[in-house]
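Enquirer:
In the working numbering, the protein residues as written are 945 to 1118.
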């Protein structure tokens, strides 16, 4: 498998946008929790902080899950594939194909149902009590995150993804 500048740019764009989205949602969540603690100590009425923290946490989880899958940082159960791969090269190839299909199927179904729930949320809004925010818009995060995972999964099938400089940094080697 070869890679070129175009595919490296696509991989870098997917990883960096999801990494920054996770950073931004984490910052919003921590900031709103800080204001919530401060408001309780000062006896202020800031009801919106709890809702904002909850919404940003939900969005962060879906974006970070997709990012973790792309960087190989997600939890994997490899007992079955290790057991089958000991049987020979052909069985290792079959298990590899089945794993790829399972991941792609999961990503496609998750994206599909997120988009369906998002569309339904526009028809029948579920408004939060304090912020008056349509909670179904939160389905936008998994729709975008897992759409990026679909692109990554399909692209990495044909082109080798660039490695990370350090697994914890999220940075891509040139």
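Built from N, CA and C at the ideal position, the CB exists for glycine as well.
Please read all numbers here as calculations on a predicted model, not as lab measurements.
Do you know how far the Cα of residue 987 is from the Cα of residue 1044?
Expert: Working through the chain shown from its first residue, we reach residue 1044 at position 100. Working through the chain shown from its first residue, we reach residue 987 at position 43. Cα-Cα distance, rounded: 53 Å.
Enquirer: Hey, how far is the Cα of residue 1129 from the Cα of residue 1002?
Expert: One cannot answer for residue 1129 here, as it falls past the ends of the chain, which runs 945 to 1118.
Enquirer: For the alpha helix (DSSP H) that contains residue 1057, what are its first and last residues?
Expert: Counting from 1 along the chain shown, the entry for residue 1057 is found at position 113. Counting along the chain, the alpha helix (DSSP H) containing residue 1057 begins and ends at 1033-1067.
Enquirer: Run the CB neighbour count on residue 1031, radius 10 Å, all protein chains shown included, and call it buried at 16 or more, exposed below.
Expert: Along the chain shown, one-based indexing puts residue 1031 at 87. Residue 1031 is exposed by the Cβ-count criterion.
Enquirer: Could you spell out the range, first to last residue, of the alpha helix (DSSP H) harbouring residue 908?
Expert: The question about residue 908 has no answer, for the chain in this structure spans 945 to 1118.
Enquirer: Who are residue 1078's beta bridge partners in DSSP?
Expert: For the purposes of this step, residue 1078 is identified with residue 134 of the chain shown, where counting begins at 1. DSSP output for residue 1078 lists 1071 as bridge partner(s).
Enquirer: If you follow the alpha helix (DSSP H) that residue 1101 is part of, which residue opens it and which one closes it?
Expert: What you label residue 1101 is simply residue 157 of the chain shown in a count that begins at 1. Note, residue 1101: alpha helix (DSSP H), 1084-1102.
Enquirer: Just to confirm the assignment, what range does the alpha helix (DSSP H) spanning residue 964 have?
Expert: Within the chain shown, the letter at position 20 stands for residue 964. Where residue 964 is concerned, the enclosing alpha helix (DSSP H) stretches over 949-986.
Enquirer: Are the Cβ atoms of residue 1051 and residue 1090 separated by less than 8 Å?
Expert: Stepping through the chain shown from its first residue, residue 1051 is reached at position 107. Stepping through the chain shown from its first residue, residue 1090 is reached at position 146. Contact: yes.
Enquirer: In chain order, what residues of the same chain have a beta carbon less than 7 Å from the beta carbon of residue 1078, not counting five sequence neighbours either side?
Expert: In the chain shown, the residue the question calls residue 1078 occupies position 134. Counting only Cβ-Cβ distances below 7 Å, and skipping sequence neighbours, we find 1065, 1069, 1070 and 1071.
Enquirer: Closer than 8 Å is the cut-off here; do at least three beta carbon pairs connect the segment 970-985 with the segment 997-1014?
Expert: yes
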